[in-house]
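Residue numbers (the working numbering), protein chains in the order written: chain A, 1 to 262; chain B, 263 to 526.
Just so you know, even glycine gets a beta-carbon here, dropped at the ideal spot from N, CA and C.
As the structure is a computational prediction, the values presented were derived from the model and not from experiment.
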Amino acid sequence: MLELYHNINSVCAQKVRIALYEKDQQVKERLLTLQGDQNDPAYMKLNPNAVVPTLVHDGNVIIESSLILYYIDEAFPDPPLMPKTPVARHRVRLYNKLIDEYMHNACTIMTFATAFRPSFLKMSREQWLAEINKAPLKRRAEYKRSVIEHGLDSEFVIDALAQHQKLISWMADDLKRGPYLAGESFSNADCAVVPYILRLELLKLGAMWQAEPAVADWWARVRQRPSVKATVFDRMKESDWAPFKNLSPDPWPKVQALLKAA
Amino acid sequence: MLKLFTAHNSICTQKVFLTLIEKDLAWTSEYIDLFKNEQYRPEYLKLNPKGVVPTLIHDGHAVIESTLICEHLDQTFPDPSLVPASAYERSQMRRWSKHIDEGVFEATREISFSAMFRDKMKAMTQEQRDGRFRNIGDPGRRARMISTYEQGCDSLFVEQGIFAFEKLFQEMEDALAPRAWYSAGNPSDRCRARSSFARRFTDGHMPASDLTPFGSGAFCFCGRMLAFLRPSAKSLTRSSSLNVLWYLWRTRESLCVDSLNGIK
Numbered sequence: 001m002l003e004l005y006h007n008i009n010s011v012c013a014q015k016v017r018i019a020l021y022e023k024d025q026q027v028k029e030r031l032l033t034l035q036g037d038q039n040d041p042a043y044m045k046l047n048p049n050a051v052v053p054t055l056v057h058d059g060n061v062i063i064e065s066s067l068i069l070y071y072i073d074e075a076f077p078d079p080p081l082m083p084k085t086p087v088a089r090h091r092v093r094l095y096n097k098l099i100d101e102y103m104h105n106a107c108t109i110m111t112f113a114t115a116f117r118p119s120f121l122k123m124s125r126e127q128w129l130a131e132i133n134k135a136p137l138k139r140r141a142e143y144k145r146s147v148i149e150h151g152l153d154s155e156f157v158i159d160a161l162a163q164h165q166k167l168i169s170w171m172a173d174d175l176k177r178g179p180y181l182a183g184e185s186f187s188n189a190d191c192a193v194v195p196y197i198l199r200l201e202l203l204k205l206g207a208m209w210q211a212e213p214a215v216a217d218w219w220a221r222v223r224q225r226p227s228v229k230a231t232v233f234d235r236m237k238e239s240d241w242a243p244f245k246n247l248s249p250d251p252w253p254k255v256q257a258l259l260k261a262a
Numbered sequence: 263m264l265k266l267f268t269a270h271n272s273i274c275t276q277k278v279f280l281t282l283i284e285k286d287l288a289w290t291s292e293y294i295d296l297f298k299n300e301q302y303r304p305e306y307l308k309l310n311p312k313g314v315v316p317t318l319i320h321d322g323h324a325v326i327e328s329t330l331i332c333e334h335l336d337q338t339f340p341d342p343s344l345v346p347a348s349a350y351e352r353s354q355m356r357r358w359s360k361h362i363d364e365g366v367f368e369a370t371r372e373i374s375f376s377a378m379f380r381d382k383m384k385a386m387t388q389e390q391r392d393g394r395f396r397n398i399g400d401p402g403r404r405a406r407m408i409s410t411y412e413q414g415c416d417s418l419f420v421e422q423g424i425f426a427f428e429k430l431f432q433e434m435e436d437a438l439a440p441r442a443w444y445s446a447g448n449p450s451d452r453c454r455a456r457s458s459f460a461r462r463f464t465d466g467h468m469p470a471s472d473l474t475p476f477g478s479g480a481f482c483f484c485g486r487m488l489a490f491l492r493p494s495a496k497s498l499t500r501s502s503s504l505n506v507l508w509y510l511w512r513t514r515e516s517l518c519v520d521s522l523n524g525i526k
């Protein structure tokens with residue numbers, strides 16, 4: 001039996017839902033609000049980092065979304081989400097590594113600096129600090145503190161944008177060689193990247209790939225893919241869209257200026 | 263054909279040596295002098311855009327990131343395998359390497375740098391040193407290096423690094439302690455399990471599969487840092503399983519000093 005602890009808007013949960021759909025696996029869903037329930041001691045026994053997703057398969061607990069992607073492919077090999085050649089497999093792993101080591105934090109920085117910031121600013125400083133300091137991953141709490149305080153003026157934003165640009169340039173490069181990031185078929189690289197491109201779009205930063213038609217084409221294709229439609233877009237309710245509607249101020253002019261200055 | 267770009271004392275390169283030796287593969291090495299900024303030469307950056315070692319060239323393809331090089335080698339040269347058989351055990355193995363890539367590696371770098379490489383940096387000309395700092399693309403990494411250069415062991419990053427190792431050792435203890443060779447049910451079983459384990463590695467017949475729960479990369483890191491921190495780490499004096507791992511690490515042929523320096 002498969003159980004998935006997740007949240008609709010969590011980028012890491014989205015990639016795992018896409019992969020499970022691609023493998024035609026049904027899961028028992030455990031939805032978290034991430035408004036404190038991730039810090040419950042019972043959940044932290046499964047996931048000591050207090051993050052989603054967590055996959056439980058026949059009693060075995062698997063954490064870390066990129067490792068869950070590899071796990072799903074190994075436990076349910078058909079259809080494969082890893083390419084056949086070692087070089088293409090290495091490419092998939094490089095995407096996952098870029099995301100784990102840089103992109104994921106960069107995405108948190110951009111999201112908290114824009115969409116999530118207003119709801120924190122409604123609280124007192126002590127209140128929101130207490131909230132973000134509950135996270136066991138201390139460096140991430142430090143990023144959040146900085147961007148809640150300074151928005152897009154935070155010192156971390158420039159590097160976060162550079163990481164997004166790096167991802168887009170990798171994609172543009174790889175998409176010259178095939179319709180998907182690691183070649184001819186949709187793979188774990190595409191599963192992993194989709195949520196980050198979606199997030200940029202939700203933050204009204206889609207113009208970041210306007211100079212890369214191959215990336216725009218890929219996105220137009222994969223967003224129509226049944227797995228992406230069913231597990232990401234069709235799952236978003238009004239409340240999931242809400243933080244990204246009426247972003248104020250519109251982040252693009254400031255981001256455009258930062259990109260020009262870099 | 264396998265060619266490896268290496269550097270003296272590079273812990274990430276050592277992981278790859280370990281994997282190559284365990285698999286009995288032949289390779290050629292090309293030495294990169296990190297203190298002469300050779301890693302930032304344009305032709306090397308084409309192969310390895312981060313400007314770090316190691317880089318493996320396999321049949322003309324550049325394979326980068328030591329953890330991924332070890333996975334690549336295991337898939338292309340599967341015998342003997344250094345990766346566990348089941349999907350679940352593999353995910354556990356990858357947690358160790360992830361832990362190292364996303365925390366322990368930094369801790370290792372900061373501790374090693376403050377203790378070993380700082381003096382070498384001091385001996386550089388100001389221009390060389392500035393070049394070294396400037397060439398580090400990742401601003402976080404640059405800030406940590408400048409801090410450990412300026413403050414040595416007093417840098418906050420060194421302190422955080424030591425905490426990271428204490429935590430790692432505790433997690434290793436938790437993972438190792440339940441293994442059969444320590445905790446077989448009754449005292450005589452336990453004794454038998456221990457002595458058969460001891461015999462295996464003193465005879466030199468330890469199978470590569472004994473490395474697989476950690477993956478060779480994690481094993482190499484842990485071993486080196488056990489050696490480095492052994493006199494001071496609290497958890498080491500408390501923990502018999504870590505001491506066994508330390509012994510294992512010292513006695514394994516692929517981990518002897520020559521091997522770790524890439525001498526065949």
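Checklist line | Per DSSP, cross-strand counterpart(s) of histidine 57(A) | finding: Leu2(A), Asn60(A)
Notebook entry, point to check: What residues in the region 31-64 of chain A bring their beta carbon closer than 7 Å to a beta carbon of chain B?
Noted result: Against chain B - using a Cβ distance shorter than 7 Å - the residues of the region 31-64 of chain A are Asn60, Ile62, Glu64.
Margin query: Please report the straight-line C-alpha distance between glutamate 389(B) and methionine 383(B), rounded to a whole angstrom.
Written below: 11 Å
Notebook entry, point to check: Among Val255(A), Leu181(A), Gln26(A), which has the Cα closest to the Cα of serine 154(A)?
Noted result: Of the candidates Val255(A), Leu181(A), Gln26(A), Val255(A) places its Cα closest to the Cα of serine 154(A).
Notebook entry, point to check: Taking 8 Å as the CB-CB limit, is threonine 338(B) close to chain A?
Noted result: At least one chain A Cβ lies under 8 Å of threonine 338(B).
Item checked: isoleucine 319(B), DSSP secondary structure in three states -> strand
Note to self: Our contact map puts phenylalanine 267(B) next to proline 316(B) with C-beta atoms below 8 Å; I'd like the distance itself, whole angstroms only.
What the structure shows: 6 Å
Margin query: Below 8 Å, how does it come out for the region 93-103 of chain A and the region 37-47 of chain A: are there three or more Cβ pairs, yes or no?
Written below: no
Margin query: Tell me the rounded alpha-carbon separation between arginine 17(A) and cysteine 332(B).
Written below: 28 Å
Notebook entry, point to check: How big is the Cα-Cα spacing for serine 146(A) and methionine 407(B)?
Noted result: 22 Å
Next item on the list: Answer yes or no: does any C-beta atom of chain A fall closer than 8 Å to that of arginine 462(B)?
Entry: For arginine 462(B), the predicted model reports a pLDDT of 37, less than 50, meaning its position is unreliable; a value from the coordinates is still stated below. Contacts with chain A at 8 Å (Cβ-Cβ) do not include arginine 462(B).
Item checked: CB contact below 8 Å: glutamate 372(B) versus chain A -> no
Item checked: Under 7 Å by beta carbon: chain B residues contacting proline 86(A) -> His334, Gln337, Thr338
Checklist line | histidine 323(B), buried or exposed, once every other Cβ within 10 Å from all chains shown has been counted against 16 | finding: exposed
Check: Are the Cβ atoms of proline 80(A) and aspartate 73(A) separated by less than 8 Å?
Finding: A contact, by the Cβ cut-off of 8 Å.
Margin query: Along the chain, where does the beta strand (DSSP E) containing arginine 30(A) start, and where does it finish?
Written below: 28-31
Item checked: Beta carbon proximity, alanine 349(B) to chain A, threshold 8 Å -> Closer than 8 Å: yes.
Item checked: Within chain A, the residues that aspartate 363(B) reaches when beta carbons sit closer than 9 Å -> Lys97, Asp100, Glu101
Check: Comparing the C-beta of serine 497(B) with each C-beta of chain A, is any distance below 8 Å?
Finding: Because serine 497(B) carries a pLDDT of 46, less than 50, the predicted location of this residue cannot be relied on, and the following value inherits that uncertainty. Chain A has no Cβ within less than 8 Å of the Cβ of serine 497(B).
Notebook entry, point to check: What are the boundary residues of the beta strand (DSSP E) that serine 291(B) is part of?
Noted result: 290-293
Check: chain B partners of tyrosine 71(A), CB-CB under 9 Å?
Finding: Ala349, Tyr350, Arg352, Ser353, Arg356
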